[in-house]
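Trainee: In full-length UniProt numbering, the protein residues as written are 1 to 196. Can you keep this structure in mind? I'll have questions shortly.
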Amino acid sequence: MLLAGFTSKHLLNFKPLMTRAFSVSAALNKSVPLSSNAYLHSHETGNKGRFAISYLSDKDVPSPEALKPELIVGWTPEQDKVDPKTFIENAKFVDFMTTVLRENVHKVKDNNLKAMADWQKEGWLHIGDERNPPAWGRINFPEDIIGSVELDNGKIKEGSYQPMPAHRIITNNGLFQLSEPLTKCVVEAARKAVAS
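Here you go:
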């Protein structure tokens with residue numbers, strides 16, 4: 001619909017009287033660490049009421065475009081609150097995390113994981129989600145098992161990591177939590193992915 005008195009020729013030549021400088025990158029490149037997990041940060045997405053959750057902070061991401069889809073854990077409508085009813089999980093991140101763990105879990109200096117491997121010696125060892133740790137000697141609930149690794153004489157076999165299909169990124173106990181050494185491994189891999 002054209003404005004009264006204007007033809008399409010007039011609108012093609014229309015120039016605004018004023019323009020306003022605005023940097024989308026500056027506005028969208030602020031992140032806030034989650035109060036429930038200081039390693040995770042919420043980023044504004046440009047969509048009102050939608051924040052991207054990532055292991056990367058605004059210091060790690062030079063621009064919003066650099067925050068690749070596989071580096072976003074998921075989305076939430078509130079900046080510092082993650083609720084299982086409203087959180088949207090990102091399957092691309094799960095694939096990214098699986099690849100990182102498969103390539104690195106055998107060489108990460110996780111003393112607890114290494115001690116469990118040394119104690120168990122053979123078979124498959126579960127990597128438990130630390131948001132809801134089981135009682136000593138018990139196995140995590142399936143939704144709280146991130147994955148499993150194969151053991152050989154108390155050592156984790158390289159490339160043996162298998163994700164647990166029943167693992168849930170978020171439950172009523174909150175977002176998943178890797179051990180600190182595994183978290184640092186995923187953070188470092190995410191930083192390398194941004195740099196490449």
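Note that the Cβ used here is the ideal one computed from N, Cα and C, for glycine as well. Note that the structure is a prediction, hence the values are computed from the model and not measured.
Just curious, the beta strand (DSSP E) that V32 is in, first and last residue?
Mentor: First-last of the beta strand (DSSP E) with V32: S31 to L34.
Trainee: Near H106, which residues of its chain fall below 6 Å by C-beta distance, leaving aside the five closest residues on each side in sequence?
Mentor: Cβ neighbours of H106 beyond the five flanking positions: I156 and E158.
Trainee: Going residue by residue through the stretch 102–140, where are the continuous alpha helix (DSSP H) segments of at least 4 residues, counting only ones entirely within it?
Mentor: 111–120
Trainee: Between the Cα of F87 and the Cα atoms of N112, D80, Q79 and W75, which residue gives the shortest distance?
Mentor: W75
Trainee: Give me the Cβ distance between F93 and L71, rounded to the nearest whole Å; I'm assuming they're in contact under 8 Å.
Mentor: 7 Å
Trainee: Given that a residue counts as buried once 16 or more other Cβ atoms are within 10 Å of its Cβ, and exposed if not, what is S42?
Mentor: So S42 counts as buried.
Trainee: Please report the residue range of the beta strand (DSSP E) in which T76 lies.
Mentor: I72 to T76
Trainee: Please state whether DSSP places P163 in a helix, a strand or coil.
Mentor: strand
Trainee: Would the stretch 114–125 count as touching the stretch 136–147 if we require 3 or more Cβ pairs under 8 Å?
Mentor: no
Trainee: Beta-carbon within less than 7 Å of P84's beta-carbon, same chain only, minus the 5 sequence neighbours each way: which residues are those?
Mentor: I170, T171 and N172
Trainee: Tell me, to the nearest whole angstrom, how far the beta carbon of S148 is from that of H126; I am working on the premise that it is less than 8 Å.
Mentor: 5 Å
Trainee: Alpha carbon to alpha carbon, how far is D58 from D129? Give it in angstroms, no decimals.
Mentor: 26 Å
Trainee: Please report the distance separating the alpha-carbon of N111 from that of S179.
Mentor: Roughly 10 Å separates the two Cα atoms.
Trainee: Excluding the 5 residues preceding and the 5 following Y161 in the sequence, name in chain order all residues of the same chain whose CB lies nearer than 6 Å to its CB.
Mentor: L101, R102, V105, G147 and V149
Trainee: In its own chain, which residues sit with a C-beta less than 6 Å from the C-beta of G49, not counting the 5 before and 5 after it?
Mentor: P77
Trainee: Suppose you measure from the CA of A189 to the CA of Y55; what does that come to, to the nearest Å?
Mentor: 10 Å
Trainee: Using CA atoms only, rank isn't needed, just tell me which of N140, E89 and L113 is closest to P69.
Mentor: Of N140, E89 and L113, the residue nearest in Cα terms is E89.
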